[in-house]
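Heads up: the structure comes next, in structure tokens.
Numbering (full-length UniProt numbering), first residue to last: 1 to 903.
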């Protein structure tokens, strides 16, 4: 493909980003090879997964071992600079994902290894969030290392812990848990052979040597109960970093800030902002550091005031903290909103009733979420919970009025509060709670009171805990005199509380409830609410308008490296809400047929069926199954991989920590049975036929989703591979290699926007629908329009457009306006089955659905100046200035019109 290679600085705010997952199999050099494709598509910035040195074999980059070095596995800093130079030559930029919250708790991490070697005397002892004063005497001054496959004594006796002497280096180390662990300088090893665990005497000497270390080796199962350092969520391979310390901040960010200053990077994405002790203070420090670097950037011709976004999960009705100097979130909130818009609200009740009958659990989602939170607190975060209890008990002891409150009582009340907390966390910094924090904490208190019942003493204690956790820095003692000690312990308790609620929320909802409760899996997604099934059109408009006012440059994502189902898998499942009764009847029959001996529960079989239907490959027709056994086997192997993860995350019949081999074997037999001659293959054909029947409608939904992502207020983010149809499942399935040759060939075969053939309709060729080229063309033309009218999309007003006529409820239409320039977007919702003909080569038939329905445009918009960049047609308003939808949507299900620049 031909490109204009004249160097043009990328805009400060990306026109569109493309998220790439880097690893040893797809390096910075590989990313550089794809720059021409992404430039031709219209992307302005590559959005890279972490580029710093990660643990050997990392497939995602979040297990960082060196914040100060570009990963050699990815090609090193030289390869990054070559990528940046090539991007700049195409007028593109780079955004990097950074990980300030945690690092790999592995001996290959030099900072961590130094702590293991020197303990509290290490210069890096303050880098990590370690409690050196553990209540367990065996851990005081030590770091728990829960890396052993079996209990310590068993592992020691079995030779799983060994002292190894390196003759060439003249040093010794401990080998355990797949790591080479350093010895403290005080360790005395006169004869390494004498510590051979093959003998009782050798075991005793080795044990004595281990007792001299600044770490305590332990069985991996001890981590939830004994861990004395902050983990990332419940992952004991990732240790929390104290980036709130200025020296730690500087060390962690030295590389990326230098690369930003030198113009190599143009923006940063902050991973897991909620894990930090003080997110607001962190963002202010980072933004200031970027501004300090802007003078050097401007001298080299790069734009200043770099793009800064954060990974943040927002609950229903929760807004991003206005005190934070950020361009917005990474788009999970938008992914939830656009998904909910495509689900018919009338389907919620019948689907939830069906689910209740299958799962035999009639509790609502909120009650089940509280149950999941209690499980997480009891079994997955007991150490973190008890550390918070201890901090609150310390506060109680500083005041005569509360010193009688026992840790057990505090634990009981605290657990009720934690289980009720409605958002990821509070942000009681900068002098206390914000009005939003006050609102959410009030809701948590009300729910905790209901859970505690009439226990007067507990209710009184609940109010006291709320006061202690309010961020008040002017703490006083019983004589109302300012008490510096109490202020300090309150600050510690608040920090522990605010760093416990995010992993609790994520693990209970995203990694538990969303795998164990499934009325419809398309609504079980990262960033989604368990109680919001659908979203009214007016509410969607209001959310878009609010984003235009507060964070007009926030990311708009519909697929990510963390999604549980690909964007087109979800769009297809949303079709089921248009006729839930048909779906219930079909699924009920399949569940009964999918019952080999010892079959898993009906609920688990129903989740399996949803995944089969949602992710079924477009090209694999029911009639072709017998002739394409390898493709069937490959698809079912992906489904089996998903199924194992889903069941273990649900923690109902099996789990990662206690897998039930019999139950998992029975579940796998359900999938294997579908490949067996006779009833199994007949059932698979029926499932395939159903998936194929709704697949065209799913593609219509997908185009709606794609149009909205690329034209609503915000900045569109494209996840790797999702430029064509994306029927992926949860990772690692959503991180499979991308066929870039196929994408480049499809793009080369389609006319470029603005060329002599660039105005041809994008959706009239059935093959373009089958290949995904129609989606690719929509993205390309929308991004070309964003390039032509950048101010309309970055600064333009957002105006919902009124719709009249019999199909008015099934359309979303809106305009973007800036200084006389207009863009108008129109898309269907909740009627995809009626419009399936668009995806089957029957556009004229599908367009008749819109007869009598029309858009009423704003009085200052002259519709005759509008041209549709997707169809190449001019708008033809009637005498009243209205646009008829059957004419506007004659060639395809969506329209994107813009005012002619010559008018």
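Heads up, the beta-carbon is just placed ideally off N, CA and C, and yes, glycines get one too.
Can you tell me whether residue i is buried or exposed, with buried defined as 16 or more other CB within 10 angstroms of its CB?
| i | result |
| --- | --- |
| residue 171 | exposed |
| residue 848 | exposed |
| residue 188 | exposed |
| residue 902 | Confidence at residue 902 is low in this model, with a pLDDT of 48, below 50, so the placement of that residue should be treated as unreliable; the coordinate-derived value is given next. By the neighbour-count rule (16 or more Cβ atoms within 10 Å), residue 902 is not buried but exposed. |
| residue 876 | exposed |
| residue 186 | exposed |
| residue 531 | exposed |
| residue 123 | exposed |
| residue 271 | buried |
| residue 579 | exposed |
| residue 178 | exposed |
| residue 1 | With a pLDDT of only 39 at residue 1, under 50, the local geometry of the prediction cannot be trusted, and no value is derived from it. |
| residue 714 | buried |
| residue 521 | buried |
| residue 225 | exposed |
| residue 204 | exposed |
| residue 164 | exposed |
| residue 893 | buried |
| residue 384 | buried |
| residue 110 | exposed |
| residue 525 | buried |
| residue 654 | buried |
Could you have a look at residue i and say whether DSSP puts it in helix, strand or coil?
| i | result |
| --- | --- |
| residue 803 | strand |
| residue 220 | helix |
| residue 199 | coil |
| residue 176 | strand |
| residue 171 | strand |
| residue 460 | helix |
| residue 683 | helix |
| residue 26 | strand |
| residue 97 | strand |
| residue 861 | coil |
| residue 632 | helix |
| residue 671 | helix |
| residue 290 | helix |
| residue 439 | helix |
| residue 4 | Low confidence applies here, because residue 4 scores a pLDDT of 38, under 50, leaving its location unreliable; read the following figure in that light. In this structure, residue 4 counts as coil in the three-state DSSP scheme. |
| residue 867 | strand |
Excluding sequence positions up to five away, which residues of its chain have a Cβ less than 7 angstroms from the Cβ of residue i?
| i | result |
| --- | --- |
| residue 787 | 15, 42 |
| residue 636 | 671, 674, 675 |
| residue 207 | 156 |
| residue 84 | 94, 264 |
| residue 55 | 63, 65, 104, 106, 108 |
| residue 74 | 22, 27, 28, 51 |
| residue 772 | 724, 725 |
| residue 393 | 407, 410 |
| residue 766 | 840, 841 |
Using a Cβ-Cβ cut-off of 6 angstroms (strictly less than) and excluding sequence neighbours within five positions of residue i, which residues of its own chain qualify?
| i | result |
| --- | --- |
| residue 511 | 649 |
| residue 359 | 603 |
| residue 906 | Absent from the structure is residue 906, since the part of the chain shown begins at 1 and ends at 903. |
| residue 503 | 233 |
| residue 76 | 70 |
| residue 823 | 792, 816, 898 |
| residue 728 | 566, 734 |
Going by the DSSP bridge assignment, what does residue i pair with across the sheet?
| i | result |
| --- | --- |
| residue 716 | 556 |
| residue 241 | 128 |
| residue 893 | BP columns for residue 893 are empty, so no partner. |
| residue 882 | 856 |
Looking only at its own chain, which residues have a Cβ that is under 8 angstroms from the Cβ of residue i, when we skip the five neighbours before and after it?
| i | result |
| --- | --- |
| residue 117 | 182, 183, 184, 185, 214 |
Is the region 709-719 in contact with the region 617-629, if contact means three or more CB pairs nearer than 8 angstroms? no
Pair every Cβ in the region 877-895 with every Cβ in the region 740-749, then say whether three or more of these pairs are closer than 8 angstroms. no
Quick check: the region 419-428 against the region 440-460, are at least 3 beta-carbon pairs closer than 8 angstroms? yes
The region 828-835 contacting the region 700-708, beta-carbon criterion three pairs below 8 angstroms: yes
Just checking, does the region 450-465 make contact with the region 399-417 on the three C-beta pairs under 8 angstroms criterion? yes
Can you confirm whether the region 540-552 touches the region 317-337 when touching is taken to mean that 3 or more C-beta pairs between the two stretches lie within less than 8 angstroms? yes
Stretch-stretch touch, CB-based, cutoff 8 angstroms, three pairs: the region 343-354 with the region 395-403: Taking 8 angstroms as the limit for Cβ pairs, the verdict is that the region 395-403 does not touch the region 343-354.
Do the region 850-860 and the region 799-806 touch if we need at least three Cβ pairs shorter than 8 angstroms? yes
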